[in-house]
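The structure appears right after this line, and notes come after that.
In our numbering, the protein residues as written are 8 to 241.
As structure tokens, this is what we get:
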């Protein structure tokens with residue numbers, strides 16, 4: 008009943024601070040599989056997707072004040088989908104993977120969106136881990152390899168000297184924790200999406216994989232904020 012009450016509040020237009028507090032509470036509760044059973048419905052998933060800006064709208068994210076709400080809603084969806092088989096099925100029905108790719112596009116060239124990108128990528132990783140259908144959809148329909156490679160490129164702040172050669176800056180400072188986490192989530196999702204891609208059929212795919220290989224090489228030459236994070240990144 009507590010979860011249902013929280014979701015009924017979130018369905019209304021409440022203040023940002025109230026939305027964040029409600030979502031933080033729901034995130035903690037959503038770690039318990041038993042709690043999720045009565046609240047994992049299509050309507051409740053749609054409430055959380057709306058708060059996370061998971062929609063088909065192409066406009067960039069503008070209201071920085073809403074960013075904490077988006078992050079917390081994405082965290083809740085990560086927990087719910089990880090812990091609920093019903094939510095995993097609903098994510099297919101609601102075309103969640105497409106909405107996540109669209110949100111990544113909306114984050115392009117935006118400031119203060121690292122946390123949004125990180126949990127968007129984590130959710131894409133979970134969906135692609137749990138559903139072979141999502142892996143196929145990302146690869147074939149949603150240009151997932153390109154979207155995820157661009158997210159990785161952005162996280163690593165890659166610069167280019169030639170088409171498939173990155174700038175090697177040996178004096179570059181380590182990545183921040185946020186940049187490292189984003190890169191790690193992008194790599195995990197890319198691994199799932201390209202798992203069955205041993206056979207490259209087109210010139211465009213060949214270009215995409217050469218482009219990705221150059222970024223992966225750059226990644227191996229990059230350090231994180233700590234030794235442990237660098238090891239996780241590599």
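Beta carbons: idealized from backbone N, C-alpha and C, even for Gly.
Source: prediction; values computed, not measured.
When C-alpha distances from residue 51 are compared across 119, 120, 158 and 16, the shortest belongs to 16.
Excluding five sequence positions before and after residue 68, the CB atoms of its chain that fall closer than 8 angstroms to its own CB belong to 60, 74, 77, 113, 114, 117, 120 and 123, given in chain order. At the C-beta level, residue 143 and residue 200 stay beyond 7 angstroms of one another. The beta-bridge partner set that DSSP reports for residue 173 consists of 167. Residue 163 is positioned such that its CB atom lies no closer than 7 angstroms to that of residue 193. For residue 8, the closest of 25, 42 and 18 by C-alpha to C-alpha distance is 42. Residues of the same chain with a CB within less than 7 angstroms of the CB of residue 195, apart from the 5 flanking positions on each side, are 132 in chain order. Between residue 37 and the set 49, 80, 26 and 72, the nearest pair of CA atoms involves 80. The residue among 107, 167 and 161 with its C-alpha nearest the C-alpha of residue 57 is 107. Every alpha helix (DSSP H) of 4 residues or more that sits fully in the segment 33 to 61 is shown, in chain order, as 40 to 43 and 49 to 58. Taking a contact to require three or more Cβ pairs closer than 8 angstroms, the segment 177 to 189 and the segment 138 to 152 do not qualify as touching. Between the beta-carbon of residue 240 and that of residue 187 there is about 6 angstroms, and that keeps the pair under the 8 angstroms contact cut.
Under the 10 Å beta carbon count, residue 22 is surrounded by fewer than 16 other beta carbons and is classified as exposed.
When rounded, the separation of the alpha-carbon atoms in residue 217 and residue 235 is 28 angstroms. Close CB contacts of residue 105 within its chain, under the 7 angstroms cut and outside five residues either way in sequence, are with 149 (chain order).
By the 16-neighbour rule on beta-carbons within 10 angstroms, residue 151 is buried. Between residue 171 and residue 221, the C-beta gap is smaller than 7 angstroms, which places the two residues in contact. Here DSSP, grouped into helix, strand and coil, assigns residue 214 to helix. A direct Cα-Cα distance of roughly 18 angstroms separates residue 181 from residue 125. With 16 or more other Cβ atoms inside 10 Å of its own Cβ, residue 190 counts as buried.
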